[in-house]
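J.: Let me give you the structure first, and then I'll get to my questions.
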Amino acid sequence: MTIMDTTARIIEKRDLTDVTKLFVVHAPLVSRNAAPGQFVILRVTETGERVPISITNFDHEQGTITIVVQEVGRTSALVCALQVGDEFLDFAGPLGLEVPLPSEGHTVLIGGGFGTGAVFPLARELRSRGVRVSSIVGARTRELLILDDLLATESDEVHVCTNDGSVGYKGFVTGRLEELIDEGAGFTHCFAVGPMPMMRAVAETTRRRGLPAMVSLDPLMVDGTGMCGGCRVSIGGKSKFACVDGPFFDAHQVDFDVADDRMTTYKEQEDLACELAGVGR
Amino acid sequence: MPIVYPHKTEMPCRDPEVRRRSWDEVAEGYTVERAIAEARRCLNCQDPVCEQGCPVNVPIRDFVRSVAIGDFAGAAQTIRRRNLLPAICGRVCPVEHQCEARCVLVPRQDPVGIGRLERFVADWVREHGNGGESAAPDLWRDQKVGVVGSGPAGLTVASDLAQLGYEVTIFEALHAYGGVLRYGIPQYRLPKEIVDEDVEHLKALGVEFVRDVIIGKTVTIDQLIDDFGYSAVFVGTGAGSPIFMEIPGENLKGVYSANEFLTRVNLMHAFAFPEYDTPVRKPKRAAVIGAGDTAMDAVRCSIRLGAEEGHIVYRRSEQEKGARAEDYERARAEGVIFDWLTLPKRFLGDENGWVCGLECIRTELGEPDESGRRRPVPVPGSEFTMEADLAVIALGTNPNPLVPQTTDRLDVDGHGCIVADPQTGATSREGVFAGGDIVTGAATVILAMGAGRKAASAIHEYLQQRAAEKGTP
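So the protein lines, in turn, are chains W and P.
Residues in the first sequence are numbered consecutively from 817, following the numbering used here.
Residues in the second sequence are numbered consecutively from -5, following the numbering used here.
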């Protein structure tokens, strides 16, 4: 009979940038049913928040979950300070729906900033299905570019973009996307994870170019199990809960104005918490 | 403050002016003298009809008689034969619709204060010990039972089966136990130490508690049975999915479901931000839509968060409200303003995307609808706006869909409720039982406990039968 092991211990930590860390977490129970597109909710202190984090990789045999965390606030700073051997106080998941991936065609995956981590499990699954995968990875500058090497292991080609041109294509990921479409790449599907303005731009570009696209929304969340509705997003004019109906949604149906604005609900309190914790923003 | 019960022995409450800004418990409970005085009002009916009004059949007459003679430990033992969570039930049961509604003193007098006496006995035992302990099982069985959800239904099932000697594991999706007792009911109405103590009692009985496990995601029901060796599973996941109004402006900042608002305040301690990390909107003028227990909880929390005005906005009248009488009166005493016969049409936002008001229309009551309550009909031309910088929607919840979505051959009805035999909790899946709000839709703590009690005895019967078939004891 299988033993139910609910611990979540960090077995590997890597600095991807000064403020972005990758953790391999031994969390056998969470890993067991993990699928591409899902996320975990974690907590690090008894007085702490519940924070949703995308799953970057999972290994059912090893019982591991890989996550990428960028220091943007009080809780993410606490997570980034954890070391190998430390255990998360709470590590619940996998949550959300498995992303519906195609079984044929040519898929373009787009990762912006630390969102690149969240597209990796999609690449892995697509390749195992024999789907051609092109990846576009973007960052502001060379030093902030992450995981393009990891993504390359599961992509037929990887296109790097930086805003300042310090490496790869100079400009936004959507600029490179349009170039590739114009060159006749023949994309049939697109999945994008990254900052909200990037996902909005991907939605606009793919809509214009007639390319089906999904984006992963990361709204404010509390329980992550469909109980509170705080993570509601407007999809095609209907309210959906990102935690149980998402996190991936049809990019062309997302109301980005609502999603953007709701993210700012606690800006004042977040600023205060960062100030008290001495976290720069 | 209006006198609700002229004959019942009064239960002291903290001064409304003080308590409306405090999270400490509002009702102070009976003293020994008051409890005995109230218990002596009981006529000791030969046929105690009050007990028929109790979903778990607490031997009410006998425990009240023990209180009347000052035998509080005896009273506690009597209650605990049928109800393992008396400190909770004595605080949150809607007694006016249950046991007390049947009391023969009604209508000439107020009913005996059964709820208040139950609370007194439970608190006396919490303080003095003796009488509250459950008997350890006289034999251990090797069959494991998984209980999904640590709310009132799950706690009851776990307690009953643990006492019968089963290995019981409770799986909780959140990081703290108690379900709605933890995230829903506020501290000032049900101090969380009481929930903690009841969880500790169950642990002492041998019940294993596992948090952060979302059954249906982390582990499915099928995996519990096939891979982890559970012989039976009880699903008590509650009615946790909030209903929104689907009116314009619902996605403005500052518009919450009652579940989110109460979860932030109760589970996450947002009232203590920044000592706790989770924030919540601190309102000046709160509007809570709905008039049930949850709406009362939300509006009274908004006042405790500092609101100058807390409004209940309800499309029917005072008569149709769903809230418990005591909590309604306490909300009034705390200055809650009740806008009856008022239907919100849209939420109004300011230039920064924050809710700043509600556009409403007045209603009048027409013919009764399918719920038996008179249907609110909008009065043409009666539109008006009210200011609010916090809006909470407390119009009820749907069943949590996670388990039904991920369990094959588990039948649900048109509302998404799991179909279960009302006498046994048996579902369409052999070995899978269900009870509480996931079966009935949003109801009460005590009804969930009643369902848990029945399911526990049905699970016991099912497991004994299986053991007999296998030829193992």
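Note that beta-carbon positions come from the ideal geometry of N, C-alpha and C, so glycine has one too.
Just to confirm, is the Cβ distance from Gly23/P to Arg113/P under 8 Å?
T.: Residue mapping note: residue 23/P aligns to position 29 of the second sequence, counting from 1. Residue mapping note: residue 113/P aligns to position 119 of the second sequence, counting from 1. Yes, the Cβ-Cβ distance between Gly23/P and Arg113/P is below 8 Å.
J.: So with Cβ pairs under 8 Å, would you call Pro1146/W a contact of chain P?
T.: Only positions 817 to 1097 of chain W appear in the structure, and residue 1146/W is not among them; the question remains open.
J.: Would you mind stating whether Ser892/W and Val884/W have Cβ atoms separated by less than 8 Å?
T.: Here the question's residue 892/W lines up with position 76 in the first sequence. Here the question's residue 884/W lines up with position 68 in the first sequence. No, the pair does not count as a contact, with Cβ atoms beyond the cut-off.
J.: When DSSP labels each residue in this structure, what does Thr150/P get in the three-state scheme?
T.: Along the second sequence, one-based indexing puts residue 150/P at 156. Reduced to three states, the DSSP call for Thr150/P is helix.
J.: Please report the straight-line C-alpha distance between Thr823/W and Asp206/P, rounded to a whole angstrom.
T.: Residue mapping note: residue 823/W aligns to position 7 of the first sequence, counting from 1. Residue mapping note: residue 206/P aligns to position 212 of the second sequence, counting from 1. Thr823/W and Asp206/P: Cα-Cα distance of roughly 10 Å.
J.: Applying a beta-carbon distance threshold of less than 8 Å, which residues of chain P neighbour Arg948/W?
T.: Your numbering for residue 948/W matches position 132 in the first sequence. Those within 8 Å of Arg948/W in chain P number zero; the least Cβ separation is about 31 Å.
J.: In chain order, what residues of the same chain lie with their CB nearer than 7 Å to the CB of Arg959/W, ignoring the 5 residues before and after it?
T.: Counting from 1 along the first sequence, the entry for residue 959/W is found at position 143. Checking the displayed sequence, the identity of residue 959/W turns out to be Glu instead of Arg. Cβ within range, chain order: Thr833.
J.: State the Cα-Cα distance for the pair Gln157/P and Glu361/P, rounded to the nearest angstrom.
T.: In the second sequence, counting from the first residue as 1, residue 157/P sits at position 163. In the second sequence, counting from the first residue as 1, residue 361/P sits at position 367. C-alpha separation (whole angstroms): 50 Å.
J.: Helix, strand or coil for Ala233/P, going by three-state DSSP, please let me know.
T.: Counting from one through the second sequence, the residue named residue 233/P turns up at place 239. Residue state, collapsed to three classes: coil.
J.: Please determine, among Met1014/W, Ile869/W and Cys1006/W, the residue with the shortest C-alpha to C-alpha distance to Thr978/W.
T.: Your numbering for residue 978/W matches position 162 in the first sequence. The shortest C-alpha separation from Thr978/W is found at Met1014/W.
J.: Since Leu168/P meets chain W, which of its residues come closer than 7 Å, beta carbon to beta carbon?
T.: The sequence position of residue 168/P within the second sequence is 174, counting from 1. Listed along chain W are Asp1039, each with a C-beta nearer than 7 Å to that of Leu168/P.
J.: Asn394/P versus chain W: which residues are under 8 Å apart at the beta carbon?
T.: For the purposes of this step, residue 394/P is taken as the residue at position 400 of the second sequence. What Asn394/P touches in chain W: Thr1041, Gly1042 and Met1043.
J.: In chain order, what residues of the segment 227 to 256 of chain P put their CB closer than 8 Å to some CB of chain W?
T.: Taking a C-beta cut-off of 8 Å against chain W, the contacting residues of the segment 227 to 256 of chain P are Gly234, Ser235, Pro236, Phe238, Glu240, Glu244, Asn245, Lys247, Gly248, Tyr250, Ser251, Asn253 and Glu254, listed in chain order.
J.: Check whether chain W comes within 8 Å of Met262/P, counting only Cβ atoms and requiring the distance to be less than that.
T.: Reading the second sequence from its first residue, position 268 is the one you call residue 262/P. Chain W contact via Cβ: present.
J.: Short of 6 Å in beta carbon distance, which residues of its chain neighbour Ala253/P, apart from the five on each side in sequence? Order them along the chain.
T.: As a working note, residue 253/P is residue 259 in the second sequence. It is worth fixing the name first, because residue 253/P is Asn in this sequence and not Ala. The beta carbon of Asn253/P sits closer than 6 Å to those of Pro236, all from its chain and outside the five residues before and after it, given in chain order.
J.: Please confirm whether Phe1003/W and Leu967/W have their CB atoms less than 8 Å apart.
T.: In the first sequence, the residue the question calls residue 1003/W occupies position 187. In the first sequence, the residue the question calls residue 967/W occupies position 151. No, they are not a contact pair.
J.: What does Ala224/P pair with, by DSSP beta-bridge criteria?
T.: Position 230 of the second sequence, counted from the first residue, corresponds to residue 224/P. Checking the sequence, you will find Tyr at residue 224/P rather than Ala. BP columns for Tyr224/P point to Lys138/P.
J.: Determine the chain P residues that contact Gly864/W at a beta-carbon separation under 7 Å, and present them in chain order.
T.: As a first step, residue 864/W must be located in the first sequence, where it is residue number 48. Within 7 Å Cβ-Cβ: Asp271.
J.: Measuring CA to CA, which of Ala226/P, His195/P, Ile179/P and Glu240/P is closest to Leu149/P?
T.: Position 155 of the second sequence, counting from 1, holds the residue named residue 149/P. If we check each option's Cα against that of Leu149/P, His195/P comes out closest.
J.: Would you mind sorting Leu79/P into buried or exposed? The rule is 16 or more other CB atoms within 10 Å of its CB.
T.: The residue you call residue 79/P lines up with position 85 of the second sequence. By the 10 Å Cβ count, Leu79/P comes out buried.
J.: Identify the continuous beta strand (DSSP E) that holds Arg956/W and give its terminal residues.
T.: Start at 1 with the first residue of the first sequence, and residue 956/W comes out as number 140. Here Arg956/W belongs to no beta strand (DSSP E), and DSSP marks it neither H nor E.
J.: Going by DSSP, which residues form a beta bridge with Leu158/P?
T.: Along the second sequence, read from residue 1 onward, the residue named residue 158/P stands at position 164. Paired residues: none, contrary to the question.
J.: Roughly how many whole angstroms lie between the Cα atoms of Val115/P and Val26/P?
T.: As a working note, residue 115/P is residue 121 in the second sequence. As a working note, residue 26/P is residue 32 in the second sequence. Going by the C-alpha atoms only, they are around 10 Å apart.
J.: By how many angstroms is the C-alpha of Ile952/W removed from the C-alpha of Val20/P?
T.: The residue you call residue 20/P lines up with position 26 of the second sequence. The residue you call residue 952/W lines up with position 136 of the first sequence. When rounded, the distance between both Cα atoms is 59 Å.
J.: Strictly below 7 Å CB to CB, what residues from chain C border Asp206/P?
T.: Although the question refers to chain C, the structure presented lacks it and instead comprises the protein chains W and P.
J.: Per DSSP, which residues does Gly351/P bridge with? Please list them.
T.: Taking the first residue of the second sequence as 1, we reach residue 351/P at position 357. Residue pairing by DSSP places Gly351/P opposite Leu342/P and Glu381/P in a beta bridge.
J.: Does chain P have any CB closer than 8 Å to the CB of Arg1048/W?
T.: Residue numbering aside, residue 1048/W sits at position 232 when the first sequence is read from its first letter. True, the Cβ-Cβ gap to chain P drops below 8 Å.
J.: Are any of the Cβ atoms in chain W nearer than 8 Å to that of Gly444/P?
T.: Residue numbering aside, residue 444/P sits at position 450 when the second sequence is read from its first letter. Not flagged as an interface residue toward chain W: Gly444/P, since no C-beta distance is shorter than 8 Å.
J.: Check the Cβ of Phe267/P against every Cβ in chain W and list those closer than 7 Å, keeping chain order.
T.: Start at 1 with the first residue of the second sequence, and residue 267/P comes out as number 273. Within chain W, the residues near Phe267/P are Gln1085.
J.: What residues of chain W sit near Val213/P, judged by a beta carbon separation below 8 Å?
T.: Residue numbering aside, residue 213/P sits at position 219 when the second sequence is read from its first letter. By Cβ distance, chain W contributes Met820, Leu845, Arg848 and Asn849.
J.: Counting Cβ pairs, one atom from each stretch, are 3 or more of them under 8 Å apart for the segment 128 to 148 of chain P and the segment 417 to 430 of chain P?
T.: Taking 8 Å as the limit for Cβ pairs, the verdict is that the segment 417 to 430 of chain P does touch the segment 128 to 148 of chain P.
J.: Would you identify the three-state DSSP class for Thr214/P, choosing helix, strand or coil?
T.: Looking up residue 214/P in the second sequence gives position 220. Three-state DSSP puts Thr214/P in coil, outside helix and strand.
J.: Select from Arg890/W, Val900/W, Leu894/W and His876/W the residue whose C-alpha is nearest the C-alpha of Phe839/W.
T.: Numbered from its first residue, the first sequence carries residue 839/W at position 23. The option with the nearest alpha carbon to Phe839/W is Val900/W.
J.: So Leu925/W packs on Val895/W, CB below 8 Å; how close in whole Å?
T.: As a working note, residue 925/W is residue 109 in the first sequence. As a working note, residue 895/W is residue 79 in the first sequence. Contact flag wrong, Cβ pair sits at about 25 Å.
J.: Going by DSSP, which residues form a beta bridge with Gly84/P?
T.: By 1-based counting over the second sequence, the position of residue 84/P is 90. BP columns for Gly84/P are empty, so no partner.
J.: Whose C-beta lies closer than 8 Å to the C-beta of Ala1001/W among residues of the same chain, with five residues either side of it excluded?
T.: Here residue 1001/W refers to the residue found at position 185 of the first sequence. Contacts found: His922, Val924 and Ser950.
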